[in-house]
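Asker: This is the structure I have questions about; it appears just below.
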Amino acid sequence: MRVQKSSVTPPAGAATSDGGEAATDMSWRLPLVRWRRILLWALGSLWLLDAALQYQPYMFTGAFPREVIRPTAEGNPGWVHSPVEWSATLMAHHIVVLNAVFATVQLLIALGLFWHRTVKPALSASIVWALLVWWLGEGLGGILTGPVSPLVGLPGAVVLYAVIAALLWPPTHPAVHSRRPPISVATSSPLRAAATGVWLLLWLGFAVEALLPADRAPGAVHDLLAGLSDGEPHWIADIDAWAARSAIGHDTGISIILAACCVLIALRVLAPPALARAGVALAILLSMGIWVVAQDFGGIATGQGTDPNSGLVLAVLALCFWPIHLTARDIRPATSE
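With the numbering used here as the guide, the letters of the sequence shown map in order to residues 1226 to 1562.
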């Protein structure tokens, strides 16, 4: 004789499985719950790395606002230029206190993402803080100043933190997605309707930028790679020298190949499920290749890097779109045996 199991709603304030969601409402999504938790740890690790970089001695000197913050205002419209100048001036007068605050905020965000009870506040703080830093500290990543090669960090690493945080927000209506496998953390989030648009905008934007005359001109890629090695340890400088030599005479070809890869990655959203993972895998490989060869790991070995740059963060963002195939057991209602 089969006995129907009763579904028990947890009492108010009871521990939940992912950022406040009741386990009874999420039983069909256990693979997504585990994957979202891993990605939350990944985002937390990025913020932890940022905090560690912000605690570097260089960041407590006047050189930080003068050489890192203020130059990002150049070429921007007034509504970006003036706030960046204001923030650089404020930091120059109170650099020790303000930098300690900046680093501590990032540390607290990281710790909040590591503990399930504080996930939602930490995600909210990630979005707000990332957007403030992107505007007041990075001049919107230079997207309004002219051509910016995807190789150097378009659109800015910190704004991608905000995008990842939004995609990792715990869903509130899980049953909507159970009929459309495979799904991903991004497409099961509250922003599922916009997730595809974000992916297309990002990667098609990279393709367009890579094909702009300034980015595919003779010598453009070579000069970019040749100018990376200042302050880097020898083994990274050797990578830069090899990459710069390899780019001689192939600048246009490299830009075309980069653009083609970005288009293929963008169009993965239109591909059948069997090819979806291949598109995400290509995005991860390309992002990591850019991070190592064209971004020198974000310059974190120089003592002056403030974040790991966009390559590593793009790889984490791509993992938010990794397709997950649910089995019948995964979508079985919590009330059935």
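The C-beta atom is built at its ideal place from N, Cα and C for all residues, glycine as well.
From the DSSP output, which residues share a beta bridge with ILE1549?
Answerer: In the sequence shown, residue 1549 corresponds to position 324, counting from 1. According to DSSP, ILE1549 bridges with ILE1408.
Asker: Leaving aside the five residues before and after CYS1486 along the sequence, list all residues of the same chain whose C-beta is less than 7 Å from its C-beta, in chain order.
Answerer: Taking the first residue of the sequence shown as position 1, residue 1486 is located at position 261. If we look at CYS1486 and ignore the five residues flanking it on each side, its Cβ neighbours are LEU1507 and LEU1511.
Asker: Can you give the Cα-Cα distance for LEU1500 and ARG1493, rounded to whole angstroms?
Answerer: Position 275 of the sequence shown, counted from the start, is the residue given in the question as residue 1500. Position 268 of the sequence shown, counted from the start, is the residue given in the question as residue 1493. Cα-Cα distance, rounded: 7 Å.
Asker: Looking only at its chain, what residues have a beta carbon closer than 6 Å to the beta carbon of LEU1425, apart from the 5 residues adjacent to it on each side?
Answerer: For the purposes of this step, residue 1425 is taken as the residue at position 200 of the sequence shown. Once the five neighbours on either side are set aside, the close Cβ partners of LEU1425 are ALA1491.
Asker: For LEU1453 and ASP1521, which I take to be in contact (beta-carbon distance under 8 Å), what is that distance rounded to the nearest angstrom?
Answerer: The residue you call residue 1453 lines up with position 228 of the sequence shown. The residue you call residue 1521 lines up with position 296 of the sequence shown. Contact holds; Cβ gap of about 5 Å.
Asker: Can you give me the C-alpha to C-alpha distance between LEU1273 and ILE1352, rounded to a whole angstrom?
Answerer: What you label residue 1273 is simply residue 48 of the sequence shown in a count that begins at 1. What you label residue 1352 is simply residue 127 of the sequence shown in a count that begins at 1. In a straight line, the C-alpha of LEU1273 is about 15 Å away from that of ILE1352.
Asker: State whether the segment 1435-1448 contacts the segment 1475-1485, with contact taken as three or more CB pairs (one from each stretch) at a distance under 8 Å.
Answerer: In short, these stretches touch, since the Cβ pair count reaches three.
Asker: Hey, is ILE1509's beta-carbon within less than 8 Å of any beta-carbon in chain D?
Answerer: Absent here is chain D; the protein component of the structure consists of one chain.
Asker: What's the C-alpha gap between LEU1429 and SER1535?
Answerer: For the purposes of this step, residue 1429 is identified with residue 204 of the sequence shown, where counting begins at 1. For the purposes of this step, residue 1535 is identified with residue 310 of the sequence shown, where counting begins at 1. Looking at the two C-alpha atoms, the distance is approximately 16 Å.
Asker: What is the residue span of the alpha helix (DSSP H) that LEU1476 lies within?
Answerer: Position 251 of the sequence shown, counted from the start, is the residue given in the question as residue 1476. It is Asp, not Leu, that sits at residue 1476 in the sequence shown. 1476-1491 is the span of the alpha helix (DSSP H), which, as asked, contains ASP1476.
Asker: Rank PHE1546, VAL1344 and MET1316 by C-alpha distance to the C-alpha of PRO1498 and give the top, closest one.
Answerer: Taking the first residue of the sequence shown as 1, we reach residue 1498 at position 273. Nearest of PHE1546, VAL1344 and MET1316 to PRO1498, Cα basis: PHE1546.
Asker: Alpha carbon to alpha carbon, how far is ILE1515 from GLY1303?
Answerer: Translated into positions along the sequence shown, residue 1515 becomes position 290. Translated into positions along the sequence shown, residue 1303 becomes position 78. C-alpha separation (whole angstroms): 32 Å.
Asker: What residues in its chain sit with their C-beta under 7 Å from that of PRO1308, if we drop five residues either side in the sequence?
Answerer: The residue labelled residue 1308 in the question sits at position 83 within the sequence shown. Contacts found: TRP1360 and LEU1361.
Asker: Look at SER1414 and LEU1393 and say whether their C-beta atoms are less than 8 Å apart.
Answerer: Taking the sequence shown and counting its residues from 1, the one referred to as residue 1414 is at position 189. Taking the sequence shown and counting its residues from 1, the one referred to as residue 1393 is at position 168. In this structure, SER1414 places its C-beta atom within 8 Å of the C-beta atom of LEU1393.
Asker: Roughly how many angstroms separate the alpha carbons of VAL1377 and ALA1519, rounded to a whole number?
Answerer: By 1-based counting over the sequence shown, the position of residue 1377 is 152. By 1-based counting over the sequence shown, the position of residue 1519 is 294. If you take the alpha carbons of VAL1377 and ALA1519, they lie about 7 Å apart.
Asker: Could you have a look at SER1403 and say whether DSSP puts it in helix, strand or coil?
Answerer: For this step, residue 1403 is matched to residue 178 along the sequence shown. Note that SER1403 scores a pLDDT of 44, beneath 50, so its modelled location is shaky; the value from the coordinates is reported in the next line. Three-state result, SER1403: coil.
Asker: Identify whether GLY1456 lies in helix, strand or coil by the three-state DSSP scheme.
Answerer: In the sequence shown, the residue the question calls residue 1456 occupies position 231. Looking at GLY1456 - three-state DSSP - the assignment turns out to be coil, as it is neither helix nor strand.
Asker: Less than 8 Å between the beta carbons of TYR1283 and PHE1289, yes or no?
Answerer: In the sequence shown, counting from the first residue as 1, residue 1283 sits at position 58. In the sequence shown, counting from the first residue as 1, residue 1289 sits at position 64. It is a contact, given that the beta carbons lie within the stated cut-off.
Asker: Under three-state DSSP, which class holds LEU1416?
Answerer: To locate residue 1416, count along the sequence shown from 1; it is residue 191. When secondary structure is reduced to three states using DSSP, LEU1416 falls in the coil class, being assigned neither helix nor strand.
Asker: For GLY1444, which three-state DSSP category applies?
Answerer: Taking the sequence shown and counting its residues from 1, one reaches residue 1444 at position 219. Reduced to three states, the DSSP call for GLY1444 is coil.
Asker: What residue does the alpha helix (DSSP H) around VAL1343 start on, and which one ends it?
Answerer: On the sequence shown, position 118 is the one that residue 1343 refers to. It should be noted that the sequence gives Thr, not Val, for residue 1343. From DSSP, THR1343 is part of no alpha helix (DSSP H); its letter is neither H nor E.
Asker: In angstroms, rounded to a whole number, what distance separates the CA positions of ALA1237 and GLY1528?
Answerer: The residue you call residue 1237 lines up with position 12 of the sequence shown. The residue you call residue 1528 lines up with position 303 of the sequence shown. Because ALA1237 carries a pLDDT of 39, less than 50, the predicted location of this residue cannot be relied on, and the following value inherits that uncertainty. Looking at the two C-alpha atoms, the distance is approximately 47 Å.
Asker: Please go through the same chain and pick out, in chain order, the residues whose beta-carbon is closer than 8 Å to the beta-carbon of ARG1565, but skip the five residues on each side of it.
Answerer: With the chain covering only 1226 through 1562, there is no way to say anything about residue 1565.
Asker: Within the segment 1314-1376, note down every full alpha helix (DSSP H) run reaching 4 residues or more, in order along the chain.
Answerer: Annotation: the segment 1314-1376 contains the following complete segments of the alpha helix (DSSP H) (minimum length 4 residues), in chain order: 1320-1339 and 1344-1357.
Asker: What number of angstroms, rounded off, separates the C-alpha of VAL1321 from the C-alpha of ALA1277?
Answerer: Here residue 1321 corresponds to residue number 96 of the sequence shown, with the count starting at 1. Here residue 1277 corresponds to residue number 52 of the sequence shown, with the count starting at 1. Straight-line Cα distance between these residues: approximately 15 Å.
Asker: TRP1272 by DSSP, collapsed to three states: which one?
Answerer: Along the sequence shown, one-based indexing puts residue 1272 at 47. Of the three classes helix, strand and coil, the one that applies to TRP1272 here is helix, per DSSP.
Asker: Classify ALA1355 as buried or exposed, calling it buried when 16 or more other Cβ atoms lie within 10 Å of its own Cβ.
Answerer: The residue you call residue 1355 lines up with position 130 of the sequence shown. That one is buried.
Asker: Can you give me the C-alpha to C-alpha distance between LEU1310 and GLY1287, rounded to a whole angstrom?
Answerer: Looking up residue 1310 in the sequence shown gives position 85. Looking up residue 1287 in the sequence shown gives position 62. The residue you asked about is not Leu; residue 1310 is Glu in the sequence shown. Going from the Cα of GLU1310 to the Cα of GLY1287 covers about 14 Å.
Asker: Comparing C-alpha positions only, which one of LEU1268, VAL1305, LEU1338 and ALA1468 sits nearest to VAL1517?
Answerer: Residue mapping note: residue 1517 aligns to position 292 of the sequence shown, counting from 1. When only C-alpha atoms are compared, the closest one is ALA1468.
Asker: Just tell me which of SER1471, THR1370 and ALA1390 has its CA closest to the CA of ALA1543.
Answerer: Here the question's residue 1543 lines up with position 318 in the sequence shown. Taking only the C-alpha atoms, the option nearest ALA1543 is ALA1390.
Asker: By Cβ distance below 6 Å, which residues in the same chain neighbour VAL1228 in space, the five residues on each side in sequence not counted?
Answerer: Position 3 of the sequence shown holds residue 1228. Reliability of the predicted coordinates at VAL1228 is poor, the pLDDT of 39 falling under 50, and no value is obtained from them.
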